[in-house]
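> One gets the numbering used here by counting positions in the sequence shown from 1 and adding 1036 to each.
Don't be surprised by glycine CBs; every beta carbon is placed ideally from N, CA and C.
Structure provided below as structure tokens; questions to follow.
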Amino acid sequence: MIEIAVALAAAEAAVGGIKRAIQVGKDANECLQEFMQLFDARDAVQKASNEERAKHQGKSAMSEALESVIAARKIQQMEAELREFLIWSGQADVWDAIIQERNAIVQRRKAAELAAQREAERIVKRRKEIGLVAFVIFLGALILYHIVKYIIDSWPA
């Protein structure tokens, strides 16, 4: 599990790297690694926050909430700062393209996750149906066996 503070530090380092690169005259396209680090750190903060909510680790609810909210706000501020920095450096289209692609990826992931969930539910339902059919067939065969046995036993000799 990654700590929230570690993920925040990684995000801050990525934003700093992007700013330095752009200030030196590099194009935003040349800062791919730093952008990836920023968004990976953002996801890591969110994941760590969710994991900490799942485990209580002796923390009070207020301290957990405080840590999660502060981390999320810092990430939002860094992203807003980076967006403004790109806009002022004349590279607003890069930020728009990044956000547009990110949204498309999120939608694809959600659709894939939903499809996988539906498939799992379909498999469970199918197994239940097969089990029910097998039980009914077994029960029918058992009843038929006893009926035939009764008829044979009570048949006059």
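Any Cβ of chain C within less than 7 Å of the Cβ of Glu1149?
Reference to chain C is not applicable here, since this structure consists of a single protein chain.
> Report yes if the C-beta distance between Glu1070 and Ala1050 is below 7 Å; otherwise report no.
The answer is yes: Cβ separation under 7 Å.
> Does Glu1039 come out as helix, strand or coil in the three-state DSSP assignment?
DSSP places Glu1039 in coil when its eight states are reduced to three.
> Among Ile1106, Glu1149, Trp1124 and Leu1180, which one has its Cα closest to the Cα of Gln1059?
The residue with the shortest Cα to Cα distance from Gln1059 is Trp1124.
> Identify which residue in Met1114, Glu1087 and Glu1117 has its Cα closest to the Cα of Ser1104.
Among Met1114, Glu1087 and Glu1117, the Cα nearest to that of Ser1104 belongs to Glu1087.
> Based on Cα-Cα distance, which residue from Glu1048, Asp1063 and Leu1044 lies nearest to Asp1129?
When each option's Cα is compared against that of Asp1129, the closest is Asp1063.
> What is the residue span of the alpha helix (DSSP H) that Asp1132 lies within?
Segment Ala1128 to Ser1190, the alpha helix (DSSP H) holding Asp1132.
> Need the endpoints of the alpha helix (DSSP H) that Val1105 sits in, please.
Residues Ala1097 to Trp1124.
> Would you kindly work out how many angstroms separate the C-alpha atoms of Ala1047 and Ile1054, rounded to a whole number?
Roughly 11 Å separates the two Cα atoms.
> Going straight from the alpha carbon of Ala1193 to that of Gly1167, what length do you get?
Approximately 41 Å between the Cα atoms of the pair.
> Kindly give me the distance between the Cβ atoms of Ala1107 and Val1081, rounded to whole angstroms, as I take these residues to be in contact under 8 Å.
That pair is a contact at about 5 Å.
> Quick one: does the C-beta of Cys1067 sit closer than 6 Å to a heavy atom of the ligand HEM?
Ligands in the displayed structure: none, and consequently the ligand HEM is not present.
> What would DSSP say about Lys1062, mapped onto helix, strand or coil?
Residue state, collapsed to three classes: coil.
> Compute the distance between the beta-carbons of Ala1116 and Ala1077, then report whether it is under 7 Å.
Cβ distance not < 7 Å, so Ala1116 and Ala1077 don't count as in contact.
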